[in-house]
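Read left to right, the sequence shown gives residues 708 to 1102 (this note's numbering). Quick reminder that beta carbons are idealized off the backbone N, C-alpha and C, glycines included.
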Amino acid sequence: MDEAAVRAVDRALAALRRGEVVAIETADGTVGAAVSVESVALDAVERLKALTGGAPRLVVTRRRAVVLGLASTDAAQPVSDIAYDQAPGAATEAFGAMTLDRPGGLTADQAHALADPEQHPQAQDALPAGLTASEACPGSREAAAVDLARLARLLPAAITADLPSSVPSGVPVKAAAWAAEHDLLLVRASDVADYRVHVVRTLRRVADARVPLVGSENTRIYAFRPADGGPEHLAIVIGDPDPAQPVLARLHSECFTGDLLGSLRCDCGDQLRGAIAEIARQGSGVLLYLAQEGRGIGLVNKLRAYRIQDRGFDTVDANEILGFEADERVYLPAAEMLRQLGFESVRLMTNNPEKLRQLARCGIAVVERVAHIFPANGHNEAYLRTKAERSGHMF
708 MDEAAVRAVD
718 RALAALRRGE
728 VVAIETADGT
738 VGAAVSVESV
748 ALDAVERLKA
758 LTGGAPRLVV
768 TRRRAVVLGL
778 ASTDAAQPVS
788 DIAYDQAPGA
798 ATEAFGAMTL
808 DRPGGLTADQ
818 AHALADPEQH
828 PQAQDALPAG
838 LTASEACPGS
848 REAAAVDLAR
858 LARLLPAAIT
868 ADLPSSVPSG
878 VPVKAAAWAA
888 EHDLLLVRAS
898 DVADYRVHVV
908 RTLRRVADAR
918 VPLVGSENTR
928 IYAFRPADGG
938 PEHLAIVIGD
948 PDPAQPVLAR
958 LHSECFTGDL
968 LGSLRCDCGD
978 QLRGAIAEIA
988 RQGSGVLLYL
998 AQEGRGIGLV
1008 NKLRAYRIQD
1018 RGFDTVDANE
1028 ILGFEADERV
1038 YLPAAEMLRQ
1048 LGFESVRLMT
1058 NNPEKLRQLA
1068 RCGIAVVERV
1078 AHIFPANGHN
1088 EAYLRTKAER
1098 SGHMF
């Protein structure tokens, strides 16, 4: 994936967050347009129709379609099965997308209602008349549109419309010329599919400094930035670990509410501070602080998930009602950081068996699991129980 392709995807993400229409081209040269459901306005849908001449359709994740009763769970594939070592374009297949359509197309209000995370999952009587659901093919404009919304940390849903393959004169439409004529950013569906894994592989160390911590004065923090200029991941190296030996390591996904504010809804703050203390007690090790808030869905969507949990749903159900997988984190950044720091094997501090599996799939040898357990606090019992019963965490 070249720099121009990375820039195109990055600009498309920014455009979606602003509520703009973006053009998406597939491998066969056909083109369509998409706009994020979360940031769409009525005039954007009308512009989508005017630009393409096509009827607006809604694309959601398979998980959201299951919540709406429009798809079965049988074909849902966990996000954790992203194949880091497969050919370009393979990554997007792990998420799954569904196209929702009805005669005459969907309005902005109808699209909002179908993608709204506050909608009760059993409210199927509210579905528009004549609504149909179909699988979006991997590599399609529809799959790329919903994946762009996900990458932009928006609700994973988009309104799309296709441009006819030729104008009335019969002359084939040229995607780049059409996008330029209408002042639209153009992105290739294949580049969207490759973006997530490619950007991670471009992580580079950009800064480091000695940062004495309470209880661990011999500490150095290294910052790693991806090529798209996105959020940095941090490596907190305590003591002087020997790269020739398995390093005591903890993979910690950032949690603004728990790590910084001391939220009692989770155990993240306890895990962070407890890991630093334990690594210091054992003499050396590394804590990787990964920019993957809310199990990879972002802070805003995590707050939405909390609202859904307040209605009686657990953390897994809440993520799926939003349209996400239960856990969308990827651990290739952690593996890349460890390798750049000189570590090839770890003693991993975790209760999550998925972290063991993922790190091994990324080429880091996990020679031992070190238990990392903290007591409930009166507010997070259900959260911890869900992690054990539904996510397989070992307590």
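Where does residue i land, buried or exposed, given buried means 16+ other C-beta within 10 angstroms?
i	result
Arg764	buried
Lys1009	buried
Thr839	exposed
Ile1015	buried
Leu968	exposed
Val767	buried
Pro824	buried
Arg1036	buried
Met708	buried
Cys844	exposed
Ile1080	exposed
Val1074	exposed
Thr780	exposed
What number of angstroms, rounded off, separates the C-alpha of residue i from the C-alpha of residue j?
i	j	result
Ala661	Val921	Residue 661 cannot be examined here, being either before or after the span of the chain that is shown, 708 to 1102.
Leu775	Cys973	28 Å
Leu971	Asn1084	7 Å
Val716	Tyr929	27 Å
Ala1078	Leu858	32 Å
Arg770	Gly946	44 Å
Pro1040	Asp898	19 Å
Ala852	Asp949	45 Å
Ala886	Val894	10 Å
Gly1001	Val1007	9 Å
Gln1065	Glu753	44 Å
Asp816	Pro835	11 Å
Tyr996	Glu842	36 Å
Gly976	Gln989	20 Å
Ala822	Glu985	43 Å
Gly1005	Leu955	27 Å
For a quick check, are the C-beta atoms of residue i and residue j less than 8 Å apart?
i	j	result
Thr964	Ala934	no
Ala804	Glu732	no
Pro1122	Phe1031	Examination of residue 1122 is not possible in this model, given that the chain is present from 708 through 1102 alone.
Gly739	Leu892	no
Pro953	Arg1054	yes
Ser743	Ala865	yes
Leu813	Ala942	no
Arg724	Leu861	yes
Thr1093	Thr1022	yes
Ala1012	Leu994	no
His940	Met1044	yes
Ala856	Gly736	no
Leu755	Ala868	yes
Can you tell me where the beta strand (DSSP E) holding residue i begins and where it ends?
i	result
Ala740	Val738 to Ser743
Ala730	Val729 to Glu732
Ser915	The amino acid occupying residue 915 in the given sequence is Asp; Ser does not appear at that position. Run containing Asp915: Arg911 to Arg917, per the beta strand (DSSP E) assignment.
Ser779	Looking at the DSSP string, Ser779 is not in any beta strand (DSSP E), and its letter there is neither H nor E.
Which residues does DSSP pair with residue i in a beta bridge?
i	result
Thr926	Ile945
Ala864	Val767
Thr806	Val766 and Ser841
Met1056	Val1077
Arg932	Arg911
Would you mind reading off the limits of the alpha helix (DSSP H) that contains residue i?
i	result
Val1007	Leu1006 to Gln1016
Gly981	Cys975 to Gln989
Gly1003	Glu1000 to Gly1003
Leu821	Ala815 to Ala822
I'd like to know if residue i contacts chain D, where contact means its C-beta is closer than 8 Å to some C-beta of that chain.
i	result
Val1007	Protein chain content of the structure displayed is limited to a single chain, and chain D is not contained in it.
When every heavy atom of the ligand HEM is checked, does at least one fall within less than 7 Å of the C-beta of residue i?
i	result
Gly846	As for the ligand HEM, it is missing from this structure, which has no ligand bound.
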